[in-house]
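S.K.: Handing you this structure, nothing more for now.
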Amino acid sequence: MSQLLIACGIVMILEGIPWFLSPQRMRHFVAQLASMPDAALRLAAVASMGAGLLLVYLVTR
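Quick note: the sequence shown, position 37, residue 37 per the UniProt record's numbering, numbers continuous.
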């Protein structure tokens, strides 16, 4: 359980870094994401989940 909480904390840190370093660019990026079609967002999400799954598999095998 503690490893899961550590992983969640690391994710929160990594996701907060761009917002801390350049909030204006992140606002622009989010606006661009909002204008993308659903299919493109789903494809990006599936690719990201696949990469994460592959990384977890490679690290734990």
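Here a beta-carbon is modelled for each residue, glycine too, at the ideal position from N, C-alpha and C.
According to DSSP, is S22 part of a helix, a strand, or is it coil?
M.R.: coil
S.K.: Considering M49, what are the terminal residues of the alpha helix (DSSP H) in which it resides?
M.R.: D38 to T60
S.K.: Mapping DSSP to helix, strand and coil, what is residue 63?
M.R.: Lying before the first or after the last residue shown, residue 63 is absent from the chain, which here runs from 1 to 61.
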